[in-house]
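S.K.: For the first sequence, the UniProt record's numbering assigns the number 1 to the initial residue and increments by one for each residue that follows.
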Amino acid sequence: KVRSVVAGGEPFSLTAGVREMIPVTSCKEGKMGIDQGKYVRYTPEQVEALERLYHDCPKPSSLRRQQLIRECPILSNIDPKQIKVWFQNRRCREKQRKEAAQLQAVNRKLTAMNKLLMEENDRLQKQVSQLVYENGYFLFFKDFFIVDANRLCCACCRVISIAEETLSEFLSKATGTAVEWVQMPGMKVWTSLFDFLFCLLP
DNA sequence: CGCGGGCCTTAGACTATAGA
DNA sequence: TCTATAGTCTAAGGCCCGCG
Numbered sequence: 001k002v003r004s005v006v007a008g009g010e011p012f013s014l015t016a017g018v019r020e021m022i023p024v025t026s027c028k029e030g031k032m033g034i035d036q037g038k039y040v041r042y043t044p045e046q047v048e049a050l051e052r053l054y055h056d057c058p059k060p061s062s063l064r065r066q067q068l069i070r071e072c073p074i075l076s077n078i079d080p081k082q083i084k085v086w087f088q089n090r091r092c093r094e095k096q097r098k099e100a101a102q103l104q105a106v107n108r109k110l111t112a113m114n115k116l117l118m119e120e121n122d123r124l125q126k127q128v129s130q131l132v133y134e135n136g137y138f139l140f141f142k143d144f145f146i147v148d149a150n151r152l153c154c155a156c157c158r159v160i161s162i163a164e165e166t167l168s169e170f171l172s173k174a175t176g177t178a179v180e181w182v183q184m185p186g187m188k189v190w191t192s193l194f195d196f197l198f199c200l201l202p
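(1) Grab the span of the alpha helix (DSSP H) containing R123 for me, first residue to last.
(2) Decide if F87 is buried, meaning its Cβ has at least 16 other Cβ atoms within 10 Å, or exposed.
(3) Does the stretch 74-88 come close enough to the stretch 101-111 to have 3 or more Cβ pairs within less than 8 Å?
(4) Answer with buried or exposed for V40, where buried requires no fewer than 16 other C-beta atoms within 10 angstroms of its C-beta.
(5) Hey, would you say P80 sits closer than 8 Å to R65, going by beta carbons?
(6) Which one of I78, C72, E169 and Y137 has the shortest CA to CA distance from L116?
(7) According to DSSP, simplified to helix, strand and coil, what is P58?
(8) Is the beta carbon of Q46 sitting closer than 8 Å to the one on L75?
(9) Among S62, S61, L68 and V128, which one has its Cα closest to the Cα of L50?
(10) Consult DSSP for S76 and reduce its assignment to one of helix, strand or coil.
(11) Roughly how many whole angstroms lie between the Cα atoms of P58 and R108?
(12) Taking its Cβ as the centre, do 16 or more other Cβ atoms sit within 10 Å of L53, making it buried, or is it exposed?
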């Protein structure tokens, strides 16, 4: 059983959440508000009153706090310095809660994006396997068949187009904005059948 | 220079949970 | 069911800084 005391109110001891009144003299001095093993904890009524005041004015001036104490009898027994500290801690708690909520929101977005990336990675790996297989097929047969140049080039461009469309779709999902392809200097693009065939050579 | 606010830290009170 | 332990909440101490 741990002795506890309510600031300015009825002292009590706490045991498994059950309050039991015990005679305690004072709790003014000492680290962490502890005097002879006592720990100050405001009553739910006091906290409710403080919360109401905080809702109206989160940062009251010294003068305003004194006025609030006068106007609210339930707080009249609490030291003005304790009221000041309570408001400081309350502001701090709110700030921490807001930051935690923001971090959770960011975490949710990153988790969703990670899921998209994992799915896209899986799909691209399958695509790579298929292309590697097709590449081997072309290498094997390239010396035995004469392929229509236009048709092969169109097929090649079609593969690139599909890849671009897929990537655009993914990026727009991930970023929430439309993506347009821009030809950058130095980017390698198959412009002819010869380029395509050349890249197939070992 | 004193006061008050912000920020970080400390430690008691309380809660949830695992394990005997 | 009881107990030990980890985690959370919160009042208050300490330090730093800006302001009048």
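Even glycine gets a Cβ: it sits at the ideal position worked out from N, Cα and C. Owing to the predicted nature of the structure, the values given are computational and were not obtained by experimental measurement.
M.R.: Let me lay it out:
(1) P80 to F141
(2) buried
(3) no
(4) buried
(5) yes
(6) E169
(7) coil
(8) yes
(9) L68
(10) coil
(11) 30 Å
(12) L53 sits buried, since 16 or more C-beta atoms from the chains shown fall within 10 Å of its C-beta.
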